[in-house]
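The next block holds one structure in the form of structure tokens; read it before the comments.
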Amino acid sequence: METTNKLDNQAERKLPVKAHLLCGWPLVLMLVGGAIGGVLGASAYGINVKIYKSNLSNIAKVLLNLLTGLTAIILMLIAANLIRMYFL
3 METTNKLDNQ
13 AERKLPVKAH
23 LLCGWPLVLM
33 LVGGAIGGVL
43 GASAYGINVK
53 IYKSNLSNIA
63 KVLLNLLTGL
73 TAIILMLIAA
83 NLIRMYFL
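Taking the numbering used here, the leading residue of the sequence shown gets 3, the next gets one more, and so forth.
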């Protein structure tokens with residue numbers, strides 16, 4: 003008998019293109035924030051992909067998607083203000 007792990011099953015699940023587009027909206031930070039925006043946007047994208055592969059309800063997935071993107075934007079604004087305050 004073969005045992006399947008729940009985590010292995012989630013990792014193998016493929017997302018449709020629409021889900022990747024919904025997960026990837028924080029990557030717009032790359033255009034505005036350069037390297038810092040890219041790191042924050044890519045981190046938010048990775049978190050969003052894990053959220054969409056989870057067993058949460060669709061409403062929870064969308065709300066968490068928005069929350070991670072907004073968190074990345076807020077962190078970007080904080081980083082920009084700190085750089086401006088201490089280096090410029």
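The beta carbon of each residue, even a glycine, is placed where N, CA and C say it ideally should be.
Problem set entry | Element boundaries [alpha helix (DSSP H), containing R86] | N60 to F89
Exercise. What whole-angstrom Cβ distance do L42 and L58 have, given they're in contact under 8 Å?
Worked result: Not really, about 23 Å apart at Cβ, beyond 8 Å.
For this session: Pick helix, strand or coil for G36, following the three-state DSSP scheme.
Result: helix
For this session: With DSSP as the reference, label L23 as helix, strand or coil.
Result: helix
Problem set entry | Three-state class that DSSP yields for N57 in the structure shown | coil
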